[in-house]
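Undergrad:
Protein chains: 2
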Amino acid sequence: MTTAPLSRRDLDFLLYEWLDVTSLTERKRFAEHSRETFDAVLDLSADIAVKHFAPHNKKADANEPHMRADGSVEMIPEVAEALKVFADAGLVAGQFDESLGGMQLPAVLARASMAWFQAANASTSSYPFLSVGNANLLVAHGSEQQIDTFVRPILEGRFFGTMCLSEPQAGSSLADITTKAVRQDDGTYRLTGTKMWISGGDHELTENIVHLVLAKVPGSPAGVKGISLFVVPKKLVEEDGSLGERNDVTLVGLNHKMGNRGTTNTLLNFGDGTHTPGGEAGAVGYLVGEENKGLSYMFHMMNEARIGVGFLAISLGYAGYLQSVEYAATRTQGRAAGDKDPSSAPVRIDRHADVRRMLLAQKAYVEGAMALGLYCAKLFDDQETAEGEEASRAALLLDTLTPIVKSWPSQWCLEANSLAIQVHGGYGYTRDYDVEQFYRDNRLNPIHEGTHGIQGLDLLGRKVTMGGGSGLALLAETMGATIARANAVGGAAAEYADLLGAVVGRVAATTGKLWGTGDPEVALANSSTYLEVFGHMVVAWIWLEQLLAAEGSEGDFYDGKRAAARYFFRYELPRTGPQLDLLDSLDRTLLDVDPAWF
Amino acid sequence: MTTAPLSRRDLDFLLYEWLDVTSLTERKRFAEHSRETFDAVLDLSADIAVKHFAPHNKKADANEPHMRADGSVEMIPEVAEALKVFADAGLVAGQFDESLGGMQLPAVLARASMAWFQAANASTSSYPFLSVGNANLLVAHGSEQQIDTFVRPILEGRFFGTMCLSEPQAGSSLADITTKAVRQDDGTYRLTGTKMWISGGDHELTENIVHLVLAKVPGSPAGVKGISLFVVPKKLVEEDGSLGERNDVTLVGLNHKMGNRGTTNTLLNFGDGTHTPGGEAGAVGYLVGEENKGLSYMFHMMNEARIGVGFLAISLGYAGYLQSVEYAATRTQGRAAGDKDPSSAPVRIDRHADVRRMLLAQKAYVEGAMALGLYCAKLFDDQETAEGEEASRAALLLDTLTPIVKSWPSQWCLEANSLAIQVHGGYGYTRDYDVEQFYRDNRLNPIHEGTHGIQGLDLLGRKVTMGGGSGLALLAETMGATIARANAVGGAAAEYADLLGAVVGRVAATTGKLWGTGDPEVALANSSTYLEVFGHMVVAWIWLEQLLAAEGSEGDFYDGKRAAARYFFRYELPRTGPQLDLLDSLDRTLLDVDPAWF
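Protein chains in written order, with UniProt numbering: chain U, 1 to 598; chain D, 1 to 598.
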């Protein structure tokens, strides 16, 4: 891959010209930072991503990890080498407190930094991405001792972390997990059960692996109210920080996937007696916080992971977009429309209207998604570091937007990857180019960390109804402010503002109508359609924001922003019309189906 | 794969209850046939597909063909074994004249037969699929001697065939091919040049390979008017039919693809001197028909191949649909909407509205596409064997619908495969299940035999304008007859007829508006959008046809048809509204883009 995996020019526009992230340095937590330190992190990230992550992306795909006879995991050595460079540069710790050895970077910068790695090599980037989420959870909810024992080594890159939720029989239905945690006299717990789909669940990349495991303590309430959270290390850690006995956590198998092949995805047994720490079967676990509050703690990590999945989808979409732009600018084929002279020279394929459609659609998807992702990351910073009401508003907005920032890029940046293949024609379908891998890698994102369907239920069933609809009201108010600014500017901005305003009004009315039924089954029957409408509305708003940020600036870069905004408002936002009609009709097609009809 | 790859029940409905294919036996060519012989072919096809094709589908994907040091191709032995069973059963020859050893099957039956193999194993089925198209071209345009020499062995399964159009520098732009054919004193030609993307271009599956090659005779006109067509066998054939010298056709390399891995896809050199038939370099070729008429002959095969690609997409979509139906009926997870009791048992996932959406959407796509494919195959039969005006009307309708039957399944049955993955959740993303392979295999179909963009140009630039718009008028008339019947039936049929009628009217008006500009560049700028609108209109009509065919019949099967029709009219057809708005606006967004903006 010689093409850059992301556009630094676009990141600079989004971070500095639009989101004005430099203003974050006025806050105490970020006071040591400046535009210069931010730029240095971005430069460093781009450099390491291009030099150490991108070069083995295809090799890791073609040579996926496998289990050795002794139960250990073999993978190509480039993964560990790249991750060592990453950790040594301090990038695992970027967002964390200085007291923990971190840089206290704003989340928005940390996400932009991580996006370089996700775009260069999705699989290799997943190990630190999960580890950061794991460490963040422990910093928020773990004890001092847990932070010292597990977080510090993660931030140094010596340990990696996982999240262990799913079980074979339960899938996304956490109420049905059966992994058991029995309290011991010494205050520890012993866990027994099987966890499924655990990314990074085993490997030899680090000295140790820190599993965060959902389990039930016998006697706890049924369902999700009886779930507790435990730290379960692969190897026990002594008081002095040295590694002790092997814990009773065993790799049973690796899943072999369509894409994302470089990330181990595992079936893990806890407490099956393969190992006997302290002379006994059972995986030793340490309770995080209090019993039966595990799910709320895990949502700390889950919400962060959902934004991260959005960024994974964005990054893969972006990398494919840039490669197809380059391909279309260098490949010549056919003639300009209307040129009937067979002796004239073939033209660059980006001269053809349909190729331009595919490039412009990709641009609208990936740059719109990147802007949305960074906006949400900035909301996280505001939630954590702004004063008073600004923080609580940011928290509410972020909570509302989380299903969108997870699902929208997963759907549309995957579509971008499909278009990137199409721009390449037959070449794009071969493994000689990168775009087919991006497409395969990206197909994971609508599935993990809550499927598309689950995001729809979360949005319509919870996010827009919580607090009497305060999240939706705040979002509408925020979009309304943008619309007002756009109207003041006039021209295309005002034209798009009208289109957006109409959709915002319809979404509010439709939401009321759906819940006005008083029947959750009818209200939620088309929640996936609602999710798609909502996503397109939000990204249209984000494009209007970008258009306003580009206002008055000249040159190809800004003209490109204007063209992509125009594409989004003319080709994309109108899709929502028939979808809203369907929702307004309280359609029962899906409810009336008898499965025997399939 | 234990699930059937296709639904025989649905085929029976489409062939007998809807298309009334038994009436074809009243025609002279099919007089020896009956419902019994048709059923026997379908039974045989299903049996061989399930027993000999499906079992090695995954293995062929995981063990793709490779070139040995001697330039020959190694592949898993199951491919040749399955193809021998296929040929020995007479299935290559199914559609051909009895005088050639064929069964004189109607095309609609031959397509239904082949669909079983495409659904069971797309890659293995591609070898005979291409060979049949090759043989059909030679029967139509080749000499008696060419038919005896090349077609008969193909029909016996001793030779396979290819079509060689693309070249590395020319891609889809056939005007720019440079392969040269020089006339020799003995009436043969010698070809030199390089052909790219040749499926089945080399292998050891058969004694010989019959290439149909586009090339230019020196002195011919520039562009497509100077293209001639040649038969170029891998090995020369003596007068007695025995194999002679190796021709100068050399495998240069195999493409390694995302899917469809079992079908060799090749770069071939013609006449590079690796072999010297008759003591000289240059690939020996035999002119088909007349010089400079090659492209029109090749379109014979190309049009057939385009329908075949549609069937490939349909079959893969169908196989994935049936697997996800079965998965959803056996997998339990979560609770019914509104059930807050964590102690109640998990339900089958097809109880969840969003899973039903994904199953119903797949059903609407794959059954709609299968019906369209068979309808087009029946039009081919009418074109070839009906009397007088009925034949010419069928030919015109088929010509108009060819870009749709190629493109619509390639887009929407791929989407069906994505939904099949999604129904399976994480499992669908693993290679333990089949659906991820279907998705990878199917991604080829919007690319080969004319990309999606090329189909759009063909439809809007040629098919709806030819003969003063007679194709579009005939289609509108045909759809109008269905609408009238639906109105007579009333109820849902009449409701859908109104929706369809409105779209038909808008498409006619929009077509007039686009060409009313007098500017082809503006008219064609959004031809892909036009293609999508047209496809949804056509498939909505096909669903209305199915609904009418199910009218008055009771039971799960017919209720399923009614539910899928309802889905299509409520969720799918309305998508065309904003797309038609865009087309009506004569939008210039794509034309106004400067590639420097990307």
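Using N, Cα and C, we set each Cβ at its ideal position, and we do this for glycine too. Note that the structure is a prediction, hence the values are computed from the model and not measured.
Take D/HIS352 as the anchor and find which of U/ILE76, U/THR478, U/ASP592, U/ALA107 has the nearest alpha-carbon.
TA: Within the second sequence, numbered from 1, the residue matching residue 352 of chain D stands at position 352. Closest option to D/HIS352, Cα to Cα, is U/ASP592.
Undergrad: From the DSSP output, read off the bridge partner residues of U/PHE270.
TA: Sequence index remark: in the first sequence, residue 270 of chain U carries index 270 (1-based). Its beta-bridge partners are U/GLY193, U/VAL249.
Undergrad: Select from the segment 337–357 of chain D all residues with a C-beta closer than 8 angstroms to any C-beta belonging to chain U, and list them in chain order.
TA: Result list: ALA337, GLY338, PRO342, SER343, PRO346, ARG348, ASP350, ARG351, HIS352, ALA353, ASP354, VAL355, ARG356, ARG357.
Undergrad: What residues in the segment 563–595 of chain U bring their beta carbon closer than 9 angstroms to a beta carbon of chain D?
TA: Cβ contacts with chain D: ALA563, ALA564, ARG566, TYR567, ARG570, TYR571, LEU573, PRO574, ARG575, THR576, GLY577, PRO578, GLN579, ASP581, LEU582, SER585, ASP587, THR589, LEU590, LEU591, ASP592, VAL593, ASP594, PRO595.
Undergrad: Leaving aside the five residues before and after U/MET163 along the sequence, list all residues of the same chain whose C-beta is less than 6 angstroms from its C-beta, in chain order.
TA: Residue mapping note: residue 163 of chain U aligns to position 163 of the first sequence, counting from 1. Cβ neighbours of U/MET163 beyond the five flanking positions: LEU212, MET301.
Undergrad: Got a sec, what are the start and stop residues for the alpha helix (DSSP H) D/HIS300 sits in?
TA: On the second sequence, residue 300 of chain D is found 300 positions in, with the first residue counted as 1. D/HIS300 -> alpha helix (DSSP H) spans 294–330.
Undergrad: Below 8 angstroms, can you find three or more Cβ-Cβ pairs linking the segment 178–189 of chain U to the segment 285–298 of chain U?
TA: These segments touch.
Undergrad: Kindly indicate if chain D contains any beta-carbon less than 7 angstroms away from that of U/MET1.
TA: Walking along the first sequence from the start, residue 1 of chain U turns up at place 1. Only weak support is given to the placement of U/MET1: the predicted model assigns it a pLDDT of 48, under 50, and the value that follows is read from those uncertain coordinates. U/MET1 does not count as touching chain D.
Undergrad: Ignoring anything shorter than 4 residues or poking outside the segment 465–494 of chain U, list the alpha helix (DSSP H) runs there in chain order.
TA: With a minimum length of 4 residues, the continuous alpha helix (DSSP H) runs that stay inside the segment 465–494 of chain U are 466–489.
Undergrad: Let me know if U/THR330 comes out buried or exposed under the rule of 16 or more other beta-carbons within 10 Å of its beta-carbon.
TA: Stepping through the first sequence from its first residue, residue 330 of chain U is reached at position 330. Its Cβ having fewer than 16 others within 10 Å, U/THR330 is exposed.
Undergrad: Three-state secondary structure (DSSP) at D/PHE160?
TA: The residue you call residue 160 of chain D lines up with position 160 of the second sequence. Strand at D/PHE160.
Undergrad: Note down the Cα distance separating D/LEU586 from U/VAL504, rounded to an integer number of angstroms.
TA: Counting from one through the second sequence, the residue named residue 586 of chain D turns up at place 586. Counting from one through the first sequence, the residue named residue 504 of chain U turns up at place 504. Taking the straight line from one Cα to the other gives about 26 angstroms.
Undergrad: Check the Cβ-Cβ distances between D/GLY516 and every residue of chain U, and say whether any is below 7 angstroms.
TA: Start at 1 with the first residue of the second sequence, and residue 516 of chain D comes out as number 516. False, the Cβ-Cβ gap to chain U never drops below 7 angstroms.
Undergrad: Tell me whether U/ASP43 is buried or exposed, calling it buried when 16 or more other Cβ atoms sit within 10 Å of its Cβ.
TA: Start at 1 with the first residue of the first sequence, and residue 43 of chain U comes out as number 43. It is exposed - the Cβ of U/ASP43 has fewer than 16 other Cβ atoms within 10 Å.
Undergrad: Report all residues from its chain with a CB closer than 7 angstroms to the CB of D/LEU155; omit the five preceding and five following residues, and keep chain order.
TA: Translated into the one-based positions of the second sequence, residue 155 of chain D becomes position 155. Contacts found: VAL92, ALA93, PHE96, LEU100, GLY101, GLY102, ALA135.
Undergrad: Could you compute how far the alpha carbon of D/LEU236 sits from the alpha carbon of D/LEU105?
TA: Position 236 of the second sequence, counted from the first residue, corresponds to residue 236 of chain D. Position 105 of the second sequence, counted from the first residue, corresponds to residue 105 of chain D. Cα-Cα distance, rounded: 31 angstroms.
Undergrad: Using the Cβ count rule (16 or more neighbours within 10 Å means buried), how would you classify U/GLY388?
TA: Indexing the first sequence from 1 puts residue 388 of chain U at position 388. Classification for U/GLY388: exposed.
Undergrad: Where DSSP assigns a beta bridge to D/HIS66, which residues make up the other side?
TA: Residue 66 of chain D sits at position 66 when you count from the first residue of the second sequence. For D/HIS66, which the question treats as bridged, DSSP gives the partners D/GLU74.
Undergrad: So which residues on chain U does D/GLY320 lean against when the C-beta distance must stay under 9 angstroms?
TA: Here residue 320 of chain D is taken as the residue at index 320 of the second sequence, counted from 1. What D/GLY320 touches in chain U: nothing, since even the nearest Cβ is about 13 angstroms away.
Undergrad: Based on the DSSP output, what are the partners of U/GLY285 in its beta bridges?
TA: As a working mapping, residue 285 of chain U is identified with position 285 in the first sequence. Answer is U/TYR189.
Undergrad: How many Å lie between D/GLY244 and D/THR276 at the Cα?
TA: Taking the second sequence and counting its residues from 1, one reaches residue 244 of chain D at position 244. Taking the second sequence and counting its residues from 1, one reaches residue 276 of chain D at position 276. Approximately 12 angstroms, taken between the alpha carbons.
Undergrad: Could you round the C-beta distance between D/THR402 and D/VAL284 to whole angstroms and report it? I think they count as a contact, below 8 angstroms.
TA: Taking the second sequence and counting its residues from 1, the one referred to as residue 402 of chain D is at position 402. Taking the second sequence and counting its residues from 1, the one referred to as residue 284 of chain D is at position 284. Contact flag wrong, Cβ pair sits at about 33 angstroms.
Undergrad: Beta-carbon separation of U/SER173 and D/GLN422 under 7 angstroms?
TA: The residue labelled residue 173 of chain U in the question sits at position 173 within the first sequence. The residue labelled residue 422 of chain D in the question sits at position 422 within the second sequence. Going by C-beta atoms, U/SER173 is not nearer than 7 angstroms to D/GLN422.
Undergrad: Rank U/PHE160, U/LEU500, U/ALA481, U/ARG562 by C-alpha distance to the C-alpha of U/ARG575 and give the top, closest one.
TA: Position 575 of the first sequence holds residue 575 of chain U. Checked all of U/PHE160, U/LEU500, U/ALA481, U/ARG562; the closest Cα to U/ARG575 is U/LEU500.
Undergrad: Which residue's Cα is closest to the Cα of U/LYS561: U/LEU6, U/THR3, U/LEU14?
TA: Taking the first residue of the first sequence as position 1, residue 561 of chain U is located at position 561. With distances taken between Cα atoms, U/LYS561 lies closest to U/LEU14.
Undergrad: Given this structure, state the Cα-to-Cα distance separating D/ILE404 from D/LEU459, to the nearest angstrom.
TA: Translated into the one-based positions of the second sequence, residue 404 of chain D becomes position 404. Translated into the one-based positions of the second sequence, residue 459 of chain D becomes position 459. Taking the straight line from one Cα to the other gives about 8 angstroms.
Undergrad: For D/ILE177, which three-state DSSP category applies?
TA: Walking along the second sequence from the start, residue 177 of chain D turns up at place 177. It is coil, neither helix nor strand.
Undergrad: Reducing DSSP to helix, strand and coil, say where U/HIS141 ends up.
TA: By one-based count along the first sequence, residue 141 of chain U stands at place 141. If DSSP states are grouped into helix, strand and coil, U/HIS141 belongs with the helices.
Undergrad: Does D/SER315 get closer than 7 angstroms to chain U when you measure Cβ to Cβ?
TA: As a first step, residue 315 of chain D is located in the second sequence; it is residue number 315 there, counting from the start. No, no contact with chain U.
Undergrad: Can you tell me whether D/PRO65 is buried or exposed? The criterion is at least 16 other CB atoms within 10 Å of its CB, across all chains shown.
TA: Taking the second sequence and counting its residues from 1, one reaches residue 65 of chain D at position 65. Per the 10 Å Cβ criterion, buried.
Undergrad: Should D/ASP10 be flagged as near chain U, meaning a C-beta pair shorter than 7 angstroms?
TA: For this step, residue 10 of chain D is matched to residue 10 along the second sequence. Judged by the 7 angstroms Cβ criterion, D/ASP10 is not in contact with chain U.
Undergrad: Roughly how many whole angstroms lie between the Cα atoms of U/HIS33 and U/SER23?
TA: If you number the first sequence from 1, residue 33 of chain U lands on position 33. If you number the first sequence from 1, residue 23 of chain U lands on position 23. Cα-Cα distance, rounded: 10 angstroms.
Undergrad: CA-CA distance, U/LEU138 and U/TYR16?
TA: As a position in the first sequence, residue 138 of chain U is number 138, starting the count at 1. As a position in the first sequence, residue 16 of chain U is number 16, starting the count at 1. Looking at the two C-alpha atoms, the distance is approximately 31 angstroms.
Undergrad: When the Cα atoms are used, what is the spatial distance from D/PHE598 to D/ALA4?
TA: Here residue 598 of chain D refers to the residue found at position 598 when the second sequence is read from its first residue. Here residue 4 of chain D refers to the residue found at position 4 when the second sequence is read from its first residue. Their backbone Cα atoms lie some 46 angstroms apart in a straight line.
Undergrad: Would a C-beta distance cut-off of 7 angstroms place U/ILE314 and U/ALA369 closer than the cut-off?
TA: The sequence position of residue 314 of chain U within the first sequence is 314, counting from 1. The sequence position of residue 369 of chain U within the first sequence is 369, counting from 1. In this structure, U/ALA369 lies closer than 7 angstroms to U/ILE314 by Cβ.
Undergrad: Could you check the C-alpha separation between D/ARG152 and D/TYR375 for me, to the nearest Å?
TA: Position 152 of the second sequence holds residue 152 of chain D. Position 375 of the second sequence holds residue 375 of chain D. If you take the alpha carbons of D/ARG152 and D/TYR375, they lie about 29 angstroms apart.
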